[in-house]
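Trainee: Taking my numbering, I'd label the letters of the sequence shown as residues 2 to 268. There's a structure below that I have some questions on.
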Amino acid sequence: MKKILLCLLVLFFLVSCASVNPFNDERPFIGAIAEDGKYLFTTTDSEAILSLPIKINRVSGSFDPDTGVLFGAIEGAFSKTIVTAGIDASGQFTKAKEDGFTYWTHKESGIQVTVPASDIILFSTSRVKEVYDRTFGEKDYESRLDGSVIKDLFSSVSGLYVNRPTQLPQTDLDLSEAAVERFDHIIIIADTETYDTGFTLTTREYSDSFFKLLKAAYTTMLKKNSQKIDLQYLKQIITQDGNTVRLLDQSLDENYILGIIQNRVNI
């Protein structure tokens with residue numbers, strides 16, 4: 002009995018001594034990684050991405066549509082000691098060290114992961130140490146994302162945001178005539194059944210042009226799918242407010258936000 006108690010005390014000591022995840026709703030991870038042109042995403046629908054025997058609260062990350070590099074963080078409630086032991090025991094990862102920095106590479110996909118603290122796992126399809134350096138390596142937290150954007154992204158199950166996009170997110174609509182350099186930012190908010198998209202253009206003139214283009218593209222899609230065109234319904238789901246054009250209440254069968262990313266990442 003004493004040996005069991007001693008083992009439990011040692012385990013408790015190891016877990017309690019592990020560093021703590023510095024990110025939370027007030028200091029979100031996604032705020033530390035924001036960059037122009039990159040697709041920022043966040044979701045609480047973790048099962049749509051992976052199935053792990055730990056409690057996951059949120060998965061957030063960044064995707065570069067030009068290079069295909071994907072990185073981010075898995076946040077939840079779990080012990081660093083137990084997770085790293087599980088990674089070692091799985092036999093699916095190769096362990097490595099770089100200047101005292103420990104990380105693992107998944108043998109099949111090549112994805113790198115590291116566990117810098119309890120409650121957070123960093124991952125990258127490129128070099129995970131770079132993710133660590135730009136997040137945990139920074140002494141003072143500074144959000145690169147406006148608070149209102151973070152609030153919108155966290156308001157539903159999943160969200161995607163891109164500031165000054167270099168490519169438009171893939172959709173069922175033909176928006177090939179839209180000039181990407183005219184967009185200031187795009188935000189997509191999704192729950193389990195529907196999603197809304199907001200397109201903010203750099204000028205009102207560009208907004209007017211895109212408003213017409215979006216209505217035409219949506220009408221073309223309906224005709225292609227042999228669906229009835231209800232003009233009153235179109236007025237409700239395609240709206241304009243200043244420089245922002247919105248496409249509202251679109252139905253989905255799966256996690257649309259993650260689908261945008263997964264369809265572009267070769268892993």
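For every residue, glycine included, the Cβ atom is placed at its ideal position computed from N, Cα and C. Source: prediction; values computed, not measured.
(1) What residue range is occupied by the uninterrupted beta strand (DSSP E) comprising Tyr-270?
(2) What residue range is occupied by the uninterrupted beta strand (DSSP E) comprising Tyr-104?
(3) Is it buried or exposed, Lys-108, if we count other Cβ atoms within 10 angstroms and call 16 or more buried?
(4) Examine the Cβ distances between the stretch 153-163 and the stretch 115-128 and report whether three or more of them are shorter than 8 Å.
(5) Ordered along the chain, which non-local residues of its own chain (more than five positions away) have a Cβ less than 6 Å from that of Lys-39?
(6) Please check the pair Val-129 and Tyr-104, which I expect to be a contact at CB under 8 Å, by giving their CB distance rounded to whole angstroms.
(7) State yes or no: is the C-beta of Asn-164 within less than 8 Å of the C-beta of Asp-37?
(8) May I ask you to verify whether the stretch 163-182 touches the stretch 218-228, counting CB pairs closer than 8 Å and requiring at least 3?
(9) Can we say the stretch 140-159 touches the stretch 23-32, given the rule of at least three CB pairs closer than 8 Å?
(10) Could you tell me if Asp-120 is buried or exposed, where buried requires 16 or more neighbouring beta carbons within 10 angstroms of its beta carbon?
(11) Give the range of the beta strand (DSSP E) segment to which Tyr-40 is assigned.
(12) Taking only three categories from DSSP, how would you classify Lys-56?
(13) Look up Tyr-196 in the DSSP assignment and say whether it is helix, strand or coil.
(14) Which of the three DSSP states is assigned to Lys-229 in this structure?
(15) Judging by CA-CA distance, which residue of Leu-232, Lys-213, Gly-260 is the nearest neighbour of Arg-247?
(16) Using DSSP's beta-bridge definition, name the partner residues of Phe-72.
(17) Report the three-state DSSP secondary structure of Ile-112 (helix, strand or coil).
(18) To the nearest angstrom, how far is the alpha carbon of Phe-102 from that of Tyr-207?
(19) Mind checking who Lys-216 pairs with in its DSSP beta bridge?
(20) For Leu-249, which residues from the same chain have a beta carbon less than 6 Å from its beta carbon, with the 5 sequence-adjacent residues on both sides left out?
(21) Flag this pair as yes or no: are the beta carbons of Gly-274 and Lys-56 separated by less than 8 Å?
(22) Measure the C-alpha to C-alpha separation of Asp-209 and Gly-199 and round it to an integer number of angstroms.
(23) Are the Cβ atoms of Glu-201 and Arg-183 separated by less than 8 Å?
(24) What does Gly-77 pair with, by DSSP beta-bridge criteria?
Mentor: In short:
(1) The shown model of the chain, from 2 to 268, leaves out residue 270, and the question about it has no answer.
(2) Note, Tyr-104: beta strand (DSSP E), 102-107.
(3) It counts as exposed.
(4) Counting Cβ pairs under 8 Å, fewer than three are found: no touch.
(5) For Lys-39, the CB contacts under 6 Å within the same chain, skipping 5 residues up- and downstream, are Ser-63, Asp-65 in chain order.
(6) Between Tyr-104 and Val-129 the Cβ distance is about 5 Å, and since that is below 8 Å, they are a contact.
(7) Yes, the Cβ-Cβ distance between Asn-164 and Asp-37 is below 8 Å.
(8) Cβ pair count under 8 Å is three or more, so yes.
(9) Contact holds: three or more Cβ-Cβ distances are below 8 Å.
(10) Taking all protein chains shown into account, Asp-120 has 16 or more neighbouring C-beta atoms within 10 Å of its C-beta and is therefore buried.
(11) Per DSSP, Tyr-40 belongs to the beta strand (DSSP E) from 40-44.
(12) Reduced to three states, the DSSP call for Lys-56 is strand.
(13) Here Tyr-196 carries a strand assignment [DSSP, helix/strand/coil].
(14) In this structure, Lys-229 counts as coil in the three-state DSSP scheme.
(15) When only C-alpha atoms are compared, the closest one is Lys-213.
(16) In the DSSP output, where bridge partners are listed per residue, Phe-72 has Ser-63, Ser-125.
(17) The DSSP-derived three-state label of Ile-112 is coil.
(18) Their Cα atoms are separated by approximately 48 Å.
(19) DSSP output for Lys-216 lists no bridge partner at all.
(20) Taking Leu-249 as the centre and dropping the five residues before and after it, the same chain places the C-beta of Asp-197, Ile-238 closer than 6 Å to its C-beta, in chain order.
(21) Outside the displayed span of the chain (2 to 268) sits residue 274, for which this structure offers no information.
(22) Rounded to whole angstroms, Asp-209 to Gly-199 spans 14 Å at the Cα level.
(23) The sequence as given places Thr at residue 201; Glu does not occur at that position. When the beta-carbon positions are compared, Thr-201 and Arg-183 stay at least 8 Å from each other.
(24) According to DSSP, Gly-77 bridges with Ile-57.
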